[in-house]
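Just below is one structure, and these are the notes that go with it.
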Amino acid sequence: MADTQQVDARAERKVAKLAREISAFARAHGGAEGQVAYIGERGARIVLVGEDGGWGDLVAPSTEIAEKAVEKSGITVHESFDGEFAAKVKTGSYEWKRMAGIQIGG
Numbered sequence: 054m055a056d057t058q059q060v061d062a063r064a065e066r067k068v069a070k071l072a073r074e075i076s077a078f079a080r081a082h083g084g085a086e087g088q089v090a091y092i093g094e095r096g097a098r099i100v101l102v103g104e105d106g107g108w109g110d111l112v113a114p115s116t117e118i119a120e121k122a123v124e125k126s127g128i129t130v131h132e133s134f135d136g137e138f139a140a141k142v143k144t145g146s147y148e149w150k151r152m153a154g155i156q157i158g159g
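54 is the number of the first residue of the sequence shown in our numbering; add one for each residue after it.
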């Protein structure tokens with residue numbers, strides 16, 4: 054029983070920390086929306102897109118923790134990263150150069 058409570062407490066601390074980071078991102082970018090994606094054994098990726106087009110991501114140890122964190126933060130969550138949601142991302146010259154470099158072997 055104590056092991057279960059310890060795991061639950063650790064998970065709740067992680068949820069709270071991720072929710073604080075998501076909320077801080079949202080404040081810094083005039084609001085935010087997100088999407089949770091399963092990335093295998095590593096857990097889940099929380100992709101964040103600010104109202105100003107800024108973007109970032111966080112990794113949670115599980116999809117359940119990621120979903121609880123975005124719910125706690127109060128942001129809008131999308132099922133997939135496409136359409137109008139993806140179009141909000143603003144990329145700079147670094148990203149374009151990096152993506153072109155990957156395509157041509159750089």
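Cβ coordinates follow ideal geometry from the N, Cα and C atoms, glycine included. These numbers come from a predicted model, not from an experiment.
Checklist entry - Does the beta-carbon of E150 have 16 or more other beta-carbons within 10 angstroms, so that it is buried, or is it exposed? => result Residue identity differs from the one stated: residue 150 is Lys in this sequence, not Glu. That one is exposed.
Checklist entry - How should V112 be labelled, buried or exposed, when 16 other C-beta atoms within 10 angstroms of its C-beta is the threshold for buried? => result exposed
Item to check | Rounded Cβ spacing between I118 and K67 (contact assumed at less than 8 Å) | outcome: 6 Å
Checklist entry - What's the gap between the Cα of A162 and the Cα of K121? => result With the chain covering only 54 through 159, there is no way to say anything about residue 162.
Checklist entry - When you compare each of P114, D61 and A77 to G127 by their alpha carbons, which one comes out closest? => result A77
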